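Participant: This is the structure I have questions about; it appears just below.
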Amino acid sequence: MRPSAAEALKAAIRRSLPIVVVLILLGILAVNAFKQLQGPIYGATAKVYHSPTDLSAALTNIDPGFVDPERTIETALTLAQSREPYERAARGIGANVSDLRASV
0 MRPSAAEALK AAIRRSLPIV VVLILLGILA VNAFKQLQGP IYGATAKVYH
50 SPTDLSAALT NIDPGFVDPE RTIETALTLA QSREPYERAA RGIGANVSDL
100 RASV
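Residue 102 in numbering that gives the first Met the number 0 sits at position 103 of the sequence shown, and the numbers go up by one each step.
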């Protein structure tokens, strides 16, 4: 580069630097304003742990005999798919049961 071209490049960078800084700050402010106006974001997770051991039998040291693990899982699954948990959750948050069930 010739010295005059290098000087012209430096001058162009010096002239554009304030505009770049202003645009970056404007972008930061716009993102912060958008996040504030967006409102809260709610989320929830749940984990279900299945244990075929009868807790009362384990604590009292009584042998409960044979417990079919498939039947236990089917019972738990049937309870989880029933309407009652959705009704309780809907009452707790003041929502419609069918809307809540459709969203899960």
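For every residue, glycine included, the Cβ atom is placed at its ideal position computed from N, Cα and C. These numbers come from a predicted model, not from an experiment.
Roughly how many whole angstroms lie between the Cα atoms of residue 62 and residue 38?
Facilitator: Numbered from 1 along the sequence shown, position 63 holds the residue referred to as residue 62. Numbered from 1 along the sequence shown, position 39 holds the residue referred to as residue 38. In a straight line, the C-alpha of residue 62 is about 54 Å away from that of residue 38.
Participant: Between 68, 99, 29, 25, which lies nearest to residue 82 when the distance is taken from Cα to Cα?
Facilitator: For this step, residue 82 is matched to residue 83 along the sequence shown. For residue 82, the nearest C-alpha among the options comes from 99.
Participant: Which one of 68, 75, 9, 80 has the shortest CA to CA distance from residue 52?
Facilitator: Locating residue 52 in the sequence shown gives position 53, where the first residue counts as 1. Nearest C-alpha to residue 52: 68.
Participant: Residue 41 to residue 103, Cα distance in whole Å?
Facilitator: Counting from one through the sequence shown, the residue named residue 41 turns up at place 42. Counting from one through the sequence shown, the residue named residue 103 turns up at place 104. Near 14 Å, if we compare the C-alpha coordinates of residue 103 and residue 41.
Participant: Are residue 95 and residue 88 close, meaning C-beta to C-beta below 8 Å?
Facilitator: Position 96 of the sequence shown, counted from the start, is the residue given in the question as residue 95. Position 89 of the sequence shown, counted from the start, is the residue given in the question as residue 88. Not in contact: residue 95 and residue 88 (Cβ atoms no closer than 8 Å).
Participant: Which stretch, first to last residue, makes up the alpha helix (DSSP H) that contains residue 56?
Facilitator: Locating residue 56 in the sequence shown gives position 57, where the first residue counts as 1. Element bounds for residue 56: 54-59.
Participant: If you reduce the DSSP assignment to three classes, tell me which class residue 9 lands in.
Facilitator: Start at 1 with the first residue of the sequence shown, and residue 9 comes out as number 10. Reduced to three states, the DSSP call for residue 9 is helix.
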